[in-house]
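Residue numbers (this note's numbering), protein chains in the order written: chain S, 1 to 350; chain A, 1001 to 1335.
This report concerns only the one structure given below.
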Amino acid sequence: MKKFLYKNVKETATLVLILIVFFVSLAVRPELLRSASMANIINSILMWMPLNLTMCMGMMMTVIIKDIDLSIGAEVALSGMVAGIFWRDVWLVKMKDTNEVVIILIGFAISLVVGVLLGALNGFIIAYMQIPSIIVTLGTINAYRGLTYILAHGKMITNYELPPHLADLSAKGIHIGPLLVPWLILIALVIVVIFFFVLRYSHFGREVYAVGSNRTAAHLRGINCKKTELMVFTITGFLAGIVGMMSASRFGYVNPQQTGNGLEFVVISCTIIGGVSVSGGSGNVIGVFLGCTLLGTVNTMISTIGIPGTVQKFVYGIVIVLALLIDKAVTTMQRNRAMDAKSARKEATA
Amino acid sequence: MSKEKVKGQGMPLGLRKLIHSRELVPFVLLIAVIIVCVSLSESFRDMTYLMKTLSRYIELAMATLVLTMIVTAGMIDLSVPSVMCCSATLAAVCFHHGVPMGVAIVIGLIVGMVCGIFNGILIAHVGLPAMIVTIGTQNVFRGIAQIFIGDQSLGKFPDWFNSWEKIALFRFGTTGYVGVTILIFVLLAIFFYLLLHRTSYGRKVFAIGANERAAIYSGVNTKSIKMSLFVISGFVSGFAGILTMSRLLLVRYDMNQNTEVDTVVMVLLGGADINGGRGSMIGTFIAIIMVFLLKTGLIVAGVTADQQMFVMGLLLLVSVIIPNIKTLIQAQKDK
């Protein structure tokens, strides 16, 4: 048990933090304990999570290979916008009679293709031209967002121009007692499970960890580091395409300014508190899932117990900084422990 | 230009040096932008208009000068615009709680320095990677501004504080003038040029950027140099924030939002290497002028500020890809 806790110290800490946040806010506002408001709170946490959780999977991989992708917010906006323009200008004008499911699927396909292309462009510049990812994605965040503005012509895609049943993904779902679990969170959970198995058991997943922990060693071992890097960014783009559709369904609009705005900071916070080390090579899906849950809980509780929404940005920032410090402390501790063990062994042999 | 020939090269040494210098790319781009802009629009022949618009970008440019040194040392500071916003906001909040404006300005400067110290401790002493720390602190500082004033804007400053950029240094033509902020910028540029290229401090900055471990072993106190860079950055950013507040006559939490990319573009276009060890204050100066002319040109051409993001993003990509292609080709040849 002790060994397990020691090995998973970050995940355990996150879990404890989630419980602390939950119970502290219940202590501040005991009236939340009624089942109706409890269901409301959990529902709003569940509504907050799918977008961030899906995006976290991509961000997690980029951080594991010691890169970072700042452009996800803009990728989400651009892919959602292109699909929205398809719905507005093609579906509503020419294909009015087509089955709606087909239309929604075509929109999804367009969004995914756009996302993949954008991600692949990022990955190509980063991997094959050997430019630090932070600078490339800082450039593409502006390029993609600017392109969204140019395509949008200053107009947003409104609720009326989206297929009416797209909103069902977030408004309907499985009822468990008074609790509604929307389809979106189920989609996100499926993606999380897929990534859990891919990263843990597949060839590609192990390559990602190998490239992250020691690039030279991975290269000498025969792993095509550049290809892995390209793949990681492409998959992130793919996920951004999914999130573009999710956000259209969740918010009922695609807006060049609002959609995906600041998403990258939330996702980076989730990933880093989820125990993914910025020095690369470590981090797992369960930790990121817990990190995302923690931030969702904090976010919901802030508004539930009546702290004004203006502190949100500050909280995200401070969370990133604190998580970095904790990460540093944990790695230093573990390294010192390992060194102690080594020197103890040396003394024993001597 | 010296006339002596180098073996095997038919070119005078000075010319060769010029072609290989880091300032060449921004300089050529600057000439191109000037030619295009002047031929496209009448307003570019109007010095009054240009000076007026220049004062709109000058505050960010001041902070960019320090960012050049930080990038040269192999780090990056994405929190510059947030520090500007934070210090201006806190100065304004102090003023509205009865503190005299002069004291409020000093408080703003101190806030900027504290922000810089915060960054510096995390990066230099704790040893966290600069890019992720400043992504976090970017939110922290702007978040502080947002906590204090929310969605409101604070204004109504005393008359002597408002519109410093309109204080004319000297006048020309009928309405033209060179504002005092432009003079401050030029003085700062000269000061930082001397600091980076003519002092031992500057050499140490280069040494840290080129090879930090080597710098440590050759006796450079890397921690204190890094720390001082971020403190200078915070101080100048705070000062720039207060100048921005004076120009805008008010302050909001989203002041200078999304301008991180502009600062980085100016530095990288000016020939600084993102991996550290190379950087040029003259190059940054030229790049600042170029970006200013380009942005003004885009506005004159009717491209809105939102759509300009596209151009700035592409410019950033181009400015990092072009020097890299050179090294990539060189690496291929060496094989």
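Glycine is no exception: its CB is placed at the ideal position from the N, C-alpha and C atoms.
Residues near residue i in its chain [Cβ-Cβ closer than 8 angstroms; skip 5 each side]
i, result
"P164(S)", "E100"
"I103(S)", "W87, W91, M95, P163"
"E31(S)", "S37"
"I235(S)", "G58, M61, G119"
"V113(S)", "G241"
"S1218(A)", "A1207"
"F1141(A)", "S1079, S1082, V1083, C1085, C1086, C1115"
"A1104(A)", "A1091, A1092, C1094, F1095"
"R337(S)", "none"
"I1149(A)", "T1089, A1092, V1093, V1251, R1252, Y1253"
"L1338(A)", "In this structure chain A extends from 1001 to 1335, so residue 1338(A) is not present and cannot be described."
"K346(S)", "none"
"I1242(A)", "S1087, A1088, A1091, I1105, G1108, L1109"
Limits of the beta strand (DSSP E) - the one that residue i falls within
i, result
"I176(S)", "173 to 176"
"V181(S)", "179 to 182"
Secondary structure of residue i, DSSP reduced to three states
i, result
"G1176(A)", "strand"
"L92(S)", "coil"
"I157(S)", "strand"
"R1171(A)", "strand"
"L1078(A)", "coil"
"L162(S)", "coil"
"I1322(A)", "helix"
"L117(S)", "helix"
"L70(S)", "coil"
"L1128(A)", "coil"
"G309(S)", "helix"
"G1136(A)", "helix"
"V1303(A)", "coil"
"D97(S)", "coil"
"Q1330(A)", "helix"
"W1160(A)", "coil"
"H1097(A)", "coil"
"M240(S)", "The amino acid occupying residue 240(S) in the given sequence is Ala; Met does not appear at that position. In the structure shown, A240(S) sits in a helix (DSSP, three-state: H, G or I)."
"M1001(A)", "With a pLDDT of only 42 at M1001(A), under 50, the local geometry of the prediction cannot be trusted, and no value is derived from it."
"M129(S)", "coil"
"A350(S)", "coil"
"S249(S)", "helix"
"K1007(A)", "Confidence is the limiting factor: at K1007(A) the pLDDT is only 44, short of 50, which leaves the residue's position unreliable, though a coordinate-based value still follows. Residue state, collapsed to three classes: coil."
"S1280(A)", "coil"
"S111(S)", "helix"
"S1021(A)", "coil"
N-terminal and C-terminal residue of the alpha helix (DSSP H) that residue i is part of
i, result
"P1026(A)", "1024 to 1040"
"V136(S)", "133 to 152"
"H219(S)", "215 to 220"
"W48(S)", "35 to 64"
"N1119(A)", "1101 to 1120"
"I1052(A)", "Contrary to the premise, residue 1052(A) reads as Lys rather than Ile in this sequence. Where K1052(A) is concerned, the enclosing alpha helix (DSSP H) stretches over 1047 to 1072."
"I223(S)", "Where I223(S) is concerned, there is no enclosing alpha helix (DSSP H), given that its DSSP letter is neither H nor E."
"L17(S)", "9 to 28"
"K1204(A)", "1200 to 1210"
Beta-carbon contacts of residue i that lie in its chain and below 6 angstroms, excluding the five residues immediately before and after
i, result
"K1005(A)", "With a pLDDT of only 44 at K1005(A), under 50, the local geometry of the prediction cannot be trusted, and the value read off the model is given with reservation. Nothing listed; no residue qualifies."
"G1008(A)", "Reliability fails at G1008(A), whose pLDDT of 45 lies under 50, so the model's placement of it is uncertain and the value that follows must be treated cautiously. The answer is none, since no qualifying residue turns up."
"V298(S)", "V21"
"A1287(A)", "P1026, M1266, L1269, G1270"
"G212(S)", "I64, I65, K66, G280, G281"
"E1165(A)", "S1055, G1179, T1181, R1247"
"I85(S)", "none"
"I174(S)", "V181"
Cβ-based neighbour list, residue i, same chain, cut-off 7 angstroms, excluding 5 preceding and 5 following
i, result
"V267(S)", "N52, M55, C56, M59, I72"
"H219(S)", "C225"
"I176(S)", "none"
"V76(S)", "A240, V243, G244, S247, T259, G260, L263"
"I995(A)", "There is simply no residue 995(A) to check, as chain A begins at 1001 and stops at 1335 in what is shown."
"V116(S)", "T234, G237, F238, G241"
Identified DSSP bridge partners for residue i
i, result
"L1154(A)", "V1251(A)"
> What residues from the stretch 127 to 141 of chain S come within 8 angstroms of chain B, judged by C-beta to C-beta, listed N to C?
Replying inline: No chain B is present in this structure, whose protein chains are S and A.
>> Threshold first: 4 residues or longer. Then list the alpha helix (DSSP H) segments lying entirely within the stretch 255 to 290 of chain S, N to C.
In response: 263 to 273
>> What ranges does the alpha helix (DSSP H) occupy inside the stretch 1220 to 1278 of chain A, keeping only unbroken runs of at least 4 residues that lie completely in it?
In response: 1222 to 1248, 1260 to 1269
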